[in-house]
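Just so it is clear: in the sequence shown, position 32 is 36 by our numbering, and no numbers are missing. The beta carbon of each residue, even a glycine, is placed where N, CA and C say it ideally should be.
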Amino acid sequence: MSPSLDPVERNQNKPPIGIRFLEWVKKRRLSYGTHQAIVLIVTFLAYASYHAARKTTSIVKSTLDPSEVGLKFVPWRITYSNEPVERKRFSWKLGEGWAPFDASDGTALLGELDLAFLAIYAIGMFFSGHLGDRMNLRIFLTIGMVGTGIFTSLFGVGFWANVHNFYYYLIVQMLAGLFQSTGWPSVVAVVGNWFGKRKRGLIMGIWNAHTSVGNISGSLIAAAMLSYGWGWSFVVPGLVIAFAGLLVFLLLPVSPEAVGANKDEDELDSPDKAGEGVTEPLLASDPDVKQEAVGFIEAWKIPGVAPFALCLFFSKLVAYTFLYWLPFYISQTAIDGKYLSDGTCGNLSTFFDVGGVVGGILAGHISDRLDARAITAASFMYCAIPALFFYRSYGHLSLGLNIALMFITGMFVNGPYALITTAVSADLGTHSSLKGNSRALATVTAIIDGTGSVGAAIGPLLTGYISSKSWSAVFTMLMAAALVAGLLLTRLIVAEVAAKIAESRSQGSTSIAPAAALDV
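Next comes the structure, spelled out in structure tokens:
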């Protein structure tokens with residue numbers, strides 16, 4: 005007789021209400037392939053909504069602080085300069101700015117908001133992965149999404165409530181970052197429960213387009229809402245992610261065991277059909293064996309976790325600097341001798357994310373073909389260095405050239421970021437040292453992305469201050485970070501190259517033997 009399941013396992017092994025309703029309507033159980041499709045669609049929409057809510061701040065930055073005054077280094081404080089704040093909640097006009105962000109230290113204050121959000125996000129990421137392996141992921145993800153929606157909206161409520169206290173926005177951003185941290189470990193763990201190793205890089209590269217799709221949709225929504233009042237740029241994405249959280253609660257099957265799905269009973273997944281490897285779960289575990297969640301220190305010791313986590317630190321430093329500051333940078337750059345409006349800058353910045361979609365898919369496909377994650381990730385990071393240089397040096401010459409160089413930069417910057425946070429995390433979460441433990445993937449994912457999120461917090465903060473000297477200094481910092489990210493994978497690259505050489509020699513020796521026999 006098998007051991008009884010613990011409360012977490014019993015709670016997860018129950019189909020969501022939406023799945024039960026669909027099976028009632030269809031009068032039969034859903035196939036394994038249908039469940040996989042639901043998982044991909046629901047998790048894609050879920051994390052896209054996370055990024056849509058996260059992107060709004062970068063679009064609104066130039067509206068809150070429309071001046072081009074140099075930045076000053078200030079501590080965590082607010083300065084009103086004894087100016088009477090007499091803005092009426094319905095008298096605000098686009099271009100007026102918003103106290104306290106329209107003062108001389110406004111850009112620095114905006115940078116501190118980014119730091120507050122991302123620092124709490126990074127810290128929360130480590131705890132979220134730990135909790136995610138011990139809770140019902142569907143409930144955990146729903147709570148995170150609804151909480152994110154509430155606090156994203158509360159930032160926008162400051163517009164109608166006529167709030168000009170910096171600490172209100174600071175606290176709201178910190179709480180939003182805490183709830184945002186629930187997303188990534190949860191969605192990767194759920195997808196990891198349903199999809200196997202075959203073409204993992206390509207599948208997850210395509211699936212990871214949710215990051216760029218979320219950034220693009222968030223940019224377009226926030227830019228479109230600016231003319232109605234910047235508060236709407238936060239409230240609408242907040243409502244969207246709360247609604248997506250409801251879909252997660254109703255439809256997301258956490259694992260095949262949770263819905264009683266069996267790929268062997270699905271003719272589409274039978275061994276006689278092509279693509280059977282796609283349906284093999286990342287962590288095939290024995291349901292009769294009670295599993296213990298992997299500890300934090302134990303997960304750090306998995307070979308490859310530390311170098312990829314540190315690489316992601318510098319990779320996300322570059323990616324998130326663009327995420328939070330690209331629209332602001334464009335608004336302060338004369339392209340073909342003309343300055344663009346805030347809305348146009350927000351829309352234009354989406355080409356960086358379009359390039360990121362292409363880069364994520366290319367990185368996943370190339371790494372699958374080469375069977376070399378480290379080589380692929382490092383190559384993209386090295387290519388990002390000249391891309392950053394050319395975008396800074398020549399992006400202002402014309403709008404078309406700016407778009408082209410922005411697209412290329414997004415492709416090389418987001419390619420390794422997408423690869424490491426998806427396929428690489430899944431690879432390491434299925435390492436042989438885990439012995440098939442299906443309750444480790446969220447922890448491993450949280451460690452890698454949590455470390456990367458520390459870099460994501462530092463990059464935008466440094467940009468807020470370095471840009472007061474020059475934007476060229478900012479791009480120099482980003483190129484240096486890209487270089488370090490690639491170098492951190494050197495030991496893994498050497499190992500992959502050595503493995504390739506050994507494999508080539510082995511194949512060569514086996515082909516020589518039959519030829520020698522024929523000569524005899």
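Where residue i sits in the DSSP three-state scheme
{"i": "K342", "result": "strand"}
{"i": "K320", "result": "helix"}
{"i": "G456", "result": "helix"}
{"i": "R33", "result": "coil"}
{"i": "V361", "result": "helix"}
{"i": "L401", "result": "coil"}
{"i": "L256", "result": "coil"}
{"i": "D109", "result": "coil"}
{"i": "P307", "result": "coil"}
{"i": "A367", "result": "helix"}
{"i": "G104", "result": "According to the sequence as given, residue 104 is Pro; it is not Gly. Note: P104 maps to coil in three-state DSSP."}
{"i": "F199", "result": "coil"}
{"i": "G264", "result": "coil"}
{"i": "W234", "result": "coil"}
{"i": "A213", "result": "helix"}
{"i": "R373", "result": "helix"}
{"i": "Q177", "result": "helix"}
Presumed contact (8 angstroms Cβ cut-off) between residue i and residue j, rounded CB distance
{"i": "S62", "j": "L327", "result": "6 angstroms"}
{"i": "H400", "j": "A338", "result": "6 angstroms"}
{"i": "E321", "j": "A367", "result": "It is Leu, not Glu, that sits at residue 321 in the sequence shown. With a Cβ gap of about 18 angstroms, L321 and A367 do not count as contacting."}
{"i": "L1", "j": "P311", "result": "It is not possible to answer for residue 1, since the shown part of the chain is limited to 5 through 524."}
{"i": "Y333", "j": "G463", "result": "No, Y333 and G463 are not in contact; Cβ-Cβ is about 13 angstroms, not under 8 angstroms."}
{"i": "V195", "j": "V46", "result": "In fact, because the Cβ distance is near 10 angstroms, the residues do not count as touching under 8 angstroms."}
{"i": "L174", "j": "A120", "result": "5 angstroms"}
{"i": "L465", "j": "D118", "result": "6 angstroms"}
{"i": "M129", "j": "P189", "result": "7 angstroms"}
{"i": "F416", "j": "G364", "result": "The pair is not a contact, with the Cβ atoms about 11 angstroms apart (cut-off 8 angstroms)."}
Local Cβ density within 10 Å of residue i, reported as buried at 16 or more and exposed below that
{"i": "E116", "result": "buried"}
{"i": "S510", "result": "exposed"}
{"i": "K473", "result": "exposed"}
{"i": "W329", "result": "buried"}
{"i": "P307", "result": "exposed"}
{"i": "I21", "result": "exposed"}
{"i": "K59", "result": "buried"}
{"i": "N197", "result": "buried"}
{"i": "G341", "result": "exposed"}
{"i": "D375", "result": "exposed"}
{"i": "N418", "result": "buried"}
{"i": "N266", "result": "exposed"}
{"i": "F170", "result": "buried"}
{"i": "W236", "result": "buried"}
{"i": "R373", "result": "exposed"}
{"i": "G142", "result": "As written in the sequence, residue 142 is Arg, which differs from the Gly given in the question. Per the 10 Å Cβ criterion, buried."}
{"i": "F25", "result": "exposed"}
{"i": "Y421", "result": "buried"}
{"i": "Y232", "result": "exposed"}
{"i": "Y125", "result": "buried"}
{"i": "G160", "result": "buried"}
Nonlocal neighbours in the same chain, by C-beta distance under 8 angstroms from residue i, ignoring five residues either side
{"i": "A56", "result": "G218, N219, S221, G222, I225, P241, V244 and I245"}
{"i": "I452", "result": "V309, F312, A313, L316, I424, T425, V428, S429 and L432"}
{"i": "G459", "result": "L316, F317, F318, S319, K320, L321, Y324 and A485"}
{"i": "V525", "result": "Summary: the structure shown does not reach residue 525, with the chain confined to residues 5 through 524, and so no result is reported for it."}
{"i": "W211", "result": "L44, T47, F48, V195 and T426"}
Chain-order list of residues whose beta-carbon lies under 6 angstroms from that of residue i (same chain, five-residue window excluded)
{"i": "S216", "result": "D357, G360 and V361"}
{"i": "S53", "result": "V244, I245 and A248"}
{"i": "F385", "result": "Checking the sequence shown, residue 385 turns out to be Met, not Phe. Taken in chain order, the residues that qualify are P420, A486, A489 and G490."}
Cutoff 7 angstroms; reference residue i; Cβ partners in own chain excluding five residues on either side
{"i": "I470", "result": "A477, V478 and M481"}
{"i": "I412", "result": "G359 and A391"}
{"i": "F378", "result": "Looking at the sequence shown, residue 378 is not Phe but Ala. Correct list, in chain order: L493, L496, I497 and E500."}
{"i": "E507", "result": "none"}
{"i": "Y395", "result": "L409, M410 and T413"}
{"i": "F163", "result": "G233, W234 and G235"}
Residue i beta carbon near the ligand MN (any heavy atom closer than 7 angstroms)
{"i": "A246", "result": "What this structure holds is no ligand at all, so the ligand MN is not there to describe."}
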